[in-house]
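Colleague:
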Amino acid sequence: MTLKILIVDDSSMARKAVKTAFKWYDCQLFEAADGRAALTMTHKVQPDLIVLDYNMPLMDGLEFMREIRADSALDGVKVLMLTSAVQSDLVVSMARAGVNEYVPKPFQADDLITKASRLVRLTTGSSAEGS
């Protein structure tokens, strides 16, 4: 089964790094550059996993989390947050908001894949970019 993964980050370089990390796996990759666009994409695509940046314009990662966790149709979506701020109070806030895992930035591809594989079943294949 091809996984659907939504990558949400305002940095195109960060999105590219995440896409590269998943290139060996059977997944379809989608992108959004901010939380509002990600909300629209989440409803359209119904991803299995969202790799979400914490610090973004328009809507930060925690605001995005509150929106999707309030929608029962999105209960099964797993979220892995990327953040350069890992203070204990932020980690607690992420957990309360429903984040399943987090990876500190800058990240190594192996760390990202290890954490993602705790949330979804990654199988080898090739990734494809969605619309």
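Just so we're aligned, residue 28 is where the sequence shown starts under the working numbering, counting upward by one.
Every residue, glycine too, gets a C-beta built ideally from N, C-alpha and C.
Asp116 lies in the alpha helix (DSSP H); which residues open and close that run?
Modeller: The residue you call residue 116 lines up with position 89 of the sequence shown. From DSSP, the alpha helix (DSSP H) with Asp116 extends over Ser115 to Ala124.
Colleague: For Leu155, which residues of its own chain have a beta-carbon under 6 Å away from its beta-carbon, when the five flanking residues on both sides are left out?
Modeller: Numbered from 1 along the sequence shown, position 128 holds the residue referred to as residue 155. According to the sequence provided, residue 155 is Ala. The question's Leu does not apply to it. Cβ within range, chain order: Gln55.
Colleague: Going by DSSP in three states, Thr29 sits in which element: helix, strand or coil?
Modeller: On the sequence shown, residue 29 is found 2 positions in, with the first residue counted as 1. Reduced to three states, the DSSP call for Thr29 is coil.
Colleague: Which residues bound the alpha helix (DSSP H) around Val45?
Modeller: As a working mapping, residue 45 is identified with position 18 in the sequence shown. First-last of the alpha helix (DSSP H) with Val45: Ser39 to Ala48.
Colleague: Counting along the chain, where does the beta strand (DSSP E) carrying Met214 start and finish?
Modeller: Since the displayed the chain opens at 28 and closes at 158, residue 214 lies outside it and no answer follows.
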